[in-house]
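So for the sequence shown, our numbering puts the first residue at 36; every next one is plus one.
Don't be surprised by glycine CBs; every beta carbon is placed ideally from N, CA and C.
Source: prediction; values computed, not measured.
Encoded as structure tokens, the structure appears first; notes follow it.
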Amino acid sequence: MLDLHGYEVHNAWHVFCEHIEDCLNRGEKQTYVITGFGMIQKELPLWCEQNAAIRKIENPKNNLGAYHIYFFKK
């Protein structure tokens, strides 16, 4: 899980990329990212589209300020 509350967009992007790399190195199949509401919430789907390791993202109906992120199998 990654909580990006309180980050500026540029810093959040760097932390997000490091988190995804760490998850992949650990062999995880998914992660949960909390964005809150604002620019990071709007940017995160674009970041995911640009990452070849990410298969799908879902925005849970009960928490619109967070995303489930699923990875391709290795």
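Please confirm whether residue i and residue j have their CB atoms less than 8 Å apart.
i, j, result
"C58", "F107", "no"
"T66", "H49", "no"
"P80", "I92", "yes"
What does a CB cutoff of less than 7 Å around residue i pick up in its chain, not counting 5 residues either side in sequence?
i, result
"A101", "Y67, V68, I69, T70, P95"
"A47", "L39, I75"
"I104", "Q65, T66, V68, C83, I89, I92"
"V44", "M74, I75, E78"
Please classify residue i as buried or exposed, where buried requires at least 16 other C-beta atoms within 10 Å of its C-beta.
i, result
"C83", "buried"
Tell me which residues share the same chain as residue i and place their Cβ nearer than 8 Å to its Cβ, disregarding the 5 neighbours each side in the sequence.
i, result
"F51", "L37, L39, V68, L79, W82"
"E56", "none"
Between which two residues does the alpha helix (DSSP H) holding residue i run?
i, result
"E56", "44-60"
List the endpoints of the continuous beta strand (DSSP E) containing residue i.
i, result
"H103", "101-106"
Which runs of the alpha helix (DSSP H) fall wholly inside the stretch 62-86 and span at least 4 residues, in chain order? 74-84
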